[in-house]
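Engineer: One structure, pasted below without further comment.
Residue numbers (the working numbering): 359 to 683.
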């Protein structure tokens, strides 16, 4: 079975090279082929084992390199800059691919950085090394076309073709229907609180390539470097890496599906969620039950001081305060 899978993988990659004509710069055709293959994975119920081959394909890595280089960003703990990535790959791409394929790649701890939030307070970021950002971006490009179509229509954050402005438009529609009471949830330090086991169990429902699953867990377990000390834990997906927003949506899709099952109207932007109801009494009842779901099923902590049932006129739209300048 192993040899047959590998033979199929090689045929698939040869077909990709044929489609792209071997032209690394032909990004449009590369994107189309990656999306077609990802869609094919979904149709086959994702009972596949060759997603890592897609991650490591030279065109996917080239696209990831271009994205990481264009984004620039701060250096990680190794102090390597994004501008140095191209030269590094010229000498190390083969070894990088081999380490990913045989599961010997080891992500480095992220570098802790604090930036001011809009309004007040600070947001903690974890800056991966440039090489780790490259690998995360390469994984993201393969997983997004597979996973994103399965997410809720009421989820607007960090998704292709979606924005906080769309959340605003939908929220206005709900209010116009008479749903003028808003159940506003605030998840306490969400990105620092994501339970690794729960997140990985949700990802494993969709993705069957065990190499991908192992790699994602390694990124989760890489830890944070603070004052020269590596801090490890069994929870958290630090903001700052390309994969973190997708992982957040994977976990919180459970919340979306539960709210849909209950027939609620809501808008979620990353970890910011509003539910629109007709009366304060209904809002209080929903607040209690959803808090219970979040804390028992997903092991997330709701900040009850910042969560409230309020008139829509007093509630901010998800995503707007932090993501729209």
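The C-beta atom is built at its ideal place from N, Cα and C for all residues, glycine as well. None of these values were measured; they are calculated from a predicted model.
1) Go to residue 654, then tell me how far its alpha helix (DSSP H) extends in each direction, as first and last residue.
2) Between the Cα of residue 670 and the Cα atoms of 591, 548 and 534, which residue gives the shortest distance?
3) Which same chain residues end up closer than 7 Å to residue 537 when comparing Cβ atoms and leaving out the 5 residues on each side of it in sequence?
4) Can you grab the Cα-Cα spacing for the pair residue 466 / residue 438, in whole Å?
5) Within the same chain, show all residues whose beta-carbon is closer than 7 Å to that of residue 426, passing over the 5 residues directly before and after it, in chain order.
6) Just verifying my parser: in three-state terms, what is the DSSP assignment at residue 537?
7) State yes or no: is the C-beta of residue 617 within less than 9 Å of the C-beta of residue 648?
8) Shortest alpha-carbon distance to residue 424 belongs to which of 480, 447 and 574?
9) Measuring CB to CB, does residue 483 end up less than 9 Å from residue 579?
10) Note the first and the last residue of the continuous beta strand (DSSP E) segment covering residue 626.
11) Quick one: residues in its chain with C-beta nearer than 6 Å to the C-beta of residue 457, no 5 flanking neighbours on either side, listed in chain order?
12) For residue 519, name the three-state secondary structure that DSSP assigns.
13) Go ahead and label residue 626 buried or exposed: buried means 16 or more other beta carbons lie within 10 angstroms of its beta carbon, across all protein chains shown.
14) Can you say whether residue 539 is buried or exposed, counting buried as having 16 or more other CB atoms within 10 angstroms of its CB?
15) Candidates 564, 599, 600 and 553: which alpha carbon is nearest residue 593's?
16) Can you tell me which of 498, 545 and 413 puts its alpha carbon nearest to the alpha carbon of residue 461?
17) At the level of alpha carbons, what is the spacing between residue 503 and residue 517?
18) Starting from residue 666, follow its DSSP beta bridges and name the residues at the other end.
19) Whose C-beta lies closer than 6 Å to the C-beta of residue 664 among residues of the same chain, with five residues either side of it excluded?
20) Tell me which residues share the same chain as residue 498 and place their Cβ nearer than 7 Å to its Cβ, disregarding the 5 neighbours each side in the sequence.
21) Flag this pair as yes or no: are the beta carbons of residue 546 and residue 661 separated by less than 9 Å?
22) Which residue marks the beginning of the beta strand (DSSP E) containing residue 411, and which one marks its end?
23) Measure from the alpha carbon of residue 486 to the alpha carbon of each residue in 474, 595, 515 and 614, then state which is nearest.
24) By DSSP's criteria, residue 553 is part of a beta bridge. Which residues make up the other side?
25) Round the Cβ separation of residue 614 and residue 513 to the nearest angstrom and send it over; I've been treating them as touching at under 8 Å.
26) Quick one: what does DSSP say residue 608 is sitting in, helix, strand or coil?
27) What does DSSP give as the partner residue(s) for residue 482 in the beta ladder?
28) Buried or exposed for residue 480, going by 16 or more other Cβ atoms inside 10 Å?
29) Give the DSSP bridge partners of residue 588, in chain order.
30) Locate the beta strand (DSSP E) running through residue 660, then write down its first and last residues.
31) Can you give the Cα-Cα distance for residue 630 and residue 454, rounded to whole angstroms?
32) Of the residues 520, 611, 526 and 569, which one's Cα is nearest the Cα of residue 652?
33) Consult DSSP for residue 435 and reduce its assignment to one of helix, strand or coil.
Structural biologist: According to the structure shown:
1) As a first step, residue 654 must be located in the chain shown, where it is residue number 296. Taken as a continuous stretch (DSSP letters only), the alpha helix (DSSP H) holding residue 654 covers 638-655.
2) Sequence index remark: in the chain shown, residue 670 carries index 312 (1-based). Looking at the Cα atoms, 534 is the closest of the given residues.
3) Within the chain shown, residue 537 is the residue found at index 179, counting from 1. Shown here for residue 537: same chain residues with a beta carbon closer than 7 Å to its own, the five before and five after excluded, namely 623, 634, 635 and 636 in chain order.
4) Numbered from its first residue, the chain shown carries residue 466 at position 108. Numbered from its first residue, the chain shown carries residue 438 at position 80. About 12 Å.
5) The residue given as residue 426 occupies position 68 in the chain shown. Correct list, in chain order: 440, 443, 488, 491, 492 and 495.
6) Position 179 of the chain shown, counting from 1, holds the residue named residue 537. Reduced to three states, the DSSP call for residue 537 is coil.
7) As a first step, residue 617 is located in the chain shown; it is residue number 259 there, counting from the start. As a first step, residue 648 is located in the chain shown; it is residue number 290 there, counting from the start. Yes. Within cutoff.
8) Within the chain shown, numbered from 1, the residue matching residue 424 stands at position 66. For residue 424, the nearest C-alpha among the options comes from 447.
9) Reading the chain shown from its first residue, position 125 is the one you call residue 483. Reading the chain shown from its first residue, position 221 is the one you call residue 579. No, the Cβ-Cβ distance between residue 483 and residue 579 is not below 9 Å.
10) For the purposes of this step, residue 626 is taken as the residue at position 268 of the chain shown. Counting along the chain, the beta strand (DSSP E) containing residue 626 begins and ends at 623-627.
11) Counting from 1 along the chain shown, the entry for residue 457 is found at position 99. Excluding positions up to five away in sequence, the list reads 463.
12) To locate residue 519, count along the chain shown from 1; it is residue 161. Residue state for residue 519 is assigned as coil, using DSSP reduced to three classes.
13) Taking the chain shown and counting its residues from 1, the one referred to as residue 626 is at position 268. Buried: at least 16 other Cβ atoms inside 10 Å.
14) Position 181 of the chain shown, counted from the first residue, corresponds to residue 539. By the neighbour-count definition (other C-beta atoms within 10 Å, threshold 16), residue 539 is a buried residue.
15) Translated into the one-based positions of the chain shown, residue 593 becomes position 235. Out of 564, 599, 600 and 553, 553 has the C-alpha closest to the C-alpha of residue 593.
16) One-based indexing of the chain shown puts residue 461 at position 103. 413 is the residue among 498, 545 and 413 whose C-alpha sits nearest the C-alpha of residue 461.
17) Sequence index remark: in the chain shown, residue 503 carries index 145 (1-based). Sequence index remark: in the chain shown, residue 517 carries index 159 (1-based). One C-alpha to the other measures close to 10 Å.
18) Taking the chain shown and counting its residues from 1, one reaches residue 666 at position 308. Per DSSP, the beta-bridge partners of residue 666 are 542.
19) The count along the chain shown starts at 1 and reaches residue 664 at position 306. Excluding five sequence positions before and after residue 664, the CB atoms of its chain that fall closer than 6 Å to its own CB belong to 544, given in chain order.
20) Counting from one through the chain shown, the residue named residue 498 turns up at place 140. Residues of the same chain with a CB within less than 7 Å of the CB of residue 498, apart from the 5 flanking positions on each side, are 600, 601 and 604 in chain order.
21) Sequence index remark: in the chain shown, residue 546 carries index 188 (1-based). Sequence index remark: in the chain shown, residue 661 carries index 303 (1-based). Yes.
22) Position 53 of the chain shown, counting from 1, holds the residue named residue 411. Under the DSSP assignment, residue 411 falls outside any beta strand (DSSP E), being part of the alpha helix (DSSP H) whose first and last residues are 409-414.
23) Position 128 of the chain shown, counted from the start, is the residue given in the question as residue 486. Comparing C-alpha distances from residue 486 to each of 474, 595, 515 and 614 shows the shortest one belongs to 595.
24) Locating residue 553 in the chain shown gives position 195, counting from the first residue. When beta bridges are read from the DSSP output, residue 553 appears opposite 593.
25) By one-based count along the chain shown, residue 614 stands at place 256. By one-based count along the chain shown, residue 513 stands at place 155. About 6 Å separates the Cβ atoms of residue 614 and residue 513, confirming a contact at the 8 Å cut-off.
26) Stepping through the chain shown from its first residue, residue 608 is reached at position 250. Here DSSP, grouped into helix, strand and coil, assigns residue 608 to helix.
27) Residue numbering aside, residue 482 sits at position 124 when the chain shown is read from its first letter. The bridge partners DSSP lists for residue 482 are 472.
28) Locating residue 480 in the chain shown gives position 122, where the first residue counts as 1. Residue 480 is exposed by the Cβ-count criterion.
29) To locate residue 588, count along the chain shown from 1; it is residue 230. In the DSSP output, where bridge partners are listed per residue, residue 588 has 583.
30) Here residue 660 refers to the residue found at position 302 of the chain shown. Neither: residue 660 is in no beta strand (DSSP E) and is coded neither H nor E.
31) Residue mapping note: residue 630 aligns to position 272 of the chain shown, counting from 1. Residue mapping note: residue 454 aligns to position 96 of the chain shown, counting from 1. Each residue's CA atom was taken as its position, placing residue 630 and residue 454 some 37 Å apart.
32) Locating residue 652 in the chain shown gives position 294, where the first residue counts as 1. Of the candidates 520, 611, 526 and 569, the one whose C-alpha sits nearest the C-alpha of residue 652 is 611.
33) The residue labelled residue 435 in the question sits at position 77 within the chain shown. Residue state, collapsed to three classes: coil.
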